[in-house]
Amino acid sequence: MEKTTQPAEPEKVKCEVCLKEILRSEAKSAEAVEYVAYFCGLDCYKQWKANSQAAQSPHPNKSAS
Ligand SMILES: [Zn+2]
Numbered sequence: 000m001e002k003t004t005q006p007a008e009p010e011k012v013k014c015e016v017c018l019k020e021i022l023r024s025e026a027k028s029a030e031a032v033e034y035v036a037y038f039c040g041l042d043c044y045k046q047w048k049a050n051s052q053a054a055q056s057p058h059p060n061k062s063a064s
């Protein structure tokens, strides 16, 4: 009886911000509108989030103060 399990190749993804290749299992991910974005670390995640929020709300509602 031979096992036919193939060696699991680590799946790699690219950081959405700096494009560095990272293991998917170690990547931070965030569900964007139509895809999932991966990040090498929290710094890139924060940067992406700041960018996406800036792009999504060009006219932010300012609360009356
Ligand atoms: Zn990165």
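Just so you know, numbering that gives the first Met the number 0 puts 25 at position 26 of the sequence shown, and the rest follows in order with no gaps.
We put the beta carbon where it would ideally sit given N, CA and C, even for glycine.
Here the structure is a predicted model, which means the values were calculated and not measured.
Legend entry - Ala36 burial status per 10 Å Cβ neighbour count (16 or more: buried): buried
Inset, instruction - With Leu22 as the anchor, note down where its beta strand (DSSP E) starts and where it stops. - result: Glu20 to Leu22
Legend entry - Cβ-heavy atom distance, Lys19 to ligand 1, below 7 Å: yes
Legend entry - Limits of the beta strand (DSSP E) - the one that Ala36 falls within: Val35 to Phe38
Legend entry - Inter-residue Cα distance where the pair is Phe38 and Val16: 7 Å
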